[in-house]
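Trainee:
Numbering (the UniProt record's numbering), first residue to last: 1 to 229.
What follows is the structure, given as structure tokens:
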């Protein structure tokens, strides 16, 4: 096991073991224990009482964080020529079609979100093995396959993120930066927690939200009280 640095030990000492924090207190504490020289990302990890191997217990959704993610999301708009001006005006970082399809085939995936049109999805099928594992495959359920390209680009740029439960039953999401005010971290975290509650599968039995942890890039996790959500 790697040894903790002096700063990491100091941060860990401020987080009480076995204590379940309120979202408000955890949002303030995460700022206090962040020690890196860069603006650390703030993440939330929620363990759900679901079996993701069963289709009727898969939890997936989208949420627009009220204060954005704090990072500049790089968007690729794979669109036909008649939609290129619309995508560019909305703020897409890369706009085009065939040349970007070729770049992806050659291994380029330096984007955060890909937005496309229904008529283009057929061309993306063969790229599934490249895009799928990186979470980049556009999906109508997350609003990334649409004819309203401008709206989709603007929403992603404003802080819209999609999430899904992983095979271990955990939902991970980046919800901001430690430079955010504590109340903004709290409101972003609350937005995703309330969205998860609405997405509870009817097939899920027992405790739905089992545990919640808030952490930053270099900090220890802070346990939240799931009953307080």
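All residues carry an ideal CB built from backbone N, CA and C; glycine is no exception. All values reported here derive from a predicted model rather than from experimental measurement.
So, with DSSP's three-state summary, where would you put residue 173?
Mentor: Of the three classes helix, strand and coil, the one that applies to residue 173 here is strand, per DSSP.
Trainee: Given a cut-off of 8 Å on the beta-carbon distance, is the pair residue 66 and residue 191 in contact?
Mentor: Yes. Within cutoff.
Trainee: Nearest-angstrom Cα distance between residue 145 and residue 47?
Mentor: Cα to Cα, the separation comes out at about 29 Å.
Trainee: Considering only the beta carbon of each residue, do residue 204 and residue 44 sit closer than 8 Å?
Mentor: No.
Trainee: Keeping to the same chain, check which residues put their C-beta closer than 8 Å to that of residue 121; ignore five residues upstream and five downstream.
Mentor: Excluding sequence neighbours, residue 121 sits near 138, 145.
Trainee: Return the residue from the list 60, 64, 15, 42 that minimises the CA-CA distance to residue 159.
Mentor: The shortest Cα separation from residue 159 among 60, 64, 15, 42 belongs to 64.
Trainee: Answer with buried or exposed for residue 163, where buried requires no fewer than 16 other C-beta atoms within 10 angstroms of its C-beta.
Mentor: Answer is buried; the Cβ neighbour count reaches 16.
Trainee: Measuring straight from C-alpha to C-alpha, what distance separates residue 36 and residue 170?
Mentor: In a straight line, the C-alpha of residue 36 is about 26 Å away from that of residue 170.
Trainee: Can you pull the DSSP bridge partners for residue 113?
Mentor: Its beta-bridge partners are 75.
Trainee: How far does the beta strand (DSSP E) with residue 162 in it reach, from first residue to last?
Mentor: It spans 160-164 - the beta strand (DSSP E) in which residue 162 sits, taken as one unbroken run.
Trainee: Going by beta carbon distance, what residues of the same chain come within less than 8 Å of residue 101, once the five residues before and after it are set aside?
Mentor: These residues qualify, in order along the chain: 78, 123, 124, 127.
Trainee: Please determine, among 213, 25, 140, the residue with the shortest C-alpha to C-alpha distance to residue 61.
Mentor: If we check each option's Cα against that of residue 61, 140 comes out closest.
Trainee: By Cβ distance below 8 Å, which residues in the same chain neighbour residue 1 in space, the five residues on each side in sequence not counted?
Mentor: Its pLDDT being 46, under 50, residue 1 is placed unreliably by the model, and the measurement read from it follows with that caveat. Within the same chain, residue 1 has no close Cβ partners at all.
Trainee: Return the chain-ordered ranges of every alpha helix (DSSP H) run that is complete within the region 38-114 and spans a minimum of 4 residues.
Mentor: Entirely contained in the region 38-114, the alpha helix (DSSP H) runs reaching 4 residues are, in chain order, 81-90, 98-105.
Trainee: Excluding the five sequence neighbours on either side, which residues of its own chain have a C-beta within less than 7 Å of the C-beta of residue 86, listed in chain order?
Mentor: Cβ within range, chain order: 149, 150.
Trainee: Have a look at 225, 227, 220, 224 and flag the residue whose alpha-carbon is nearest the alpha-carbon of residue 40.
Mentor: Per the Cα distances, 220.
Trainee: Find out if the Cβ-Cβ distance for the pair residue 228, residue 213 is shorter than 8 Å.
Mentor: No, Cβ-Cβ distance for residue 228 and residue 213 is not below 8 Å.
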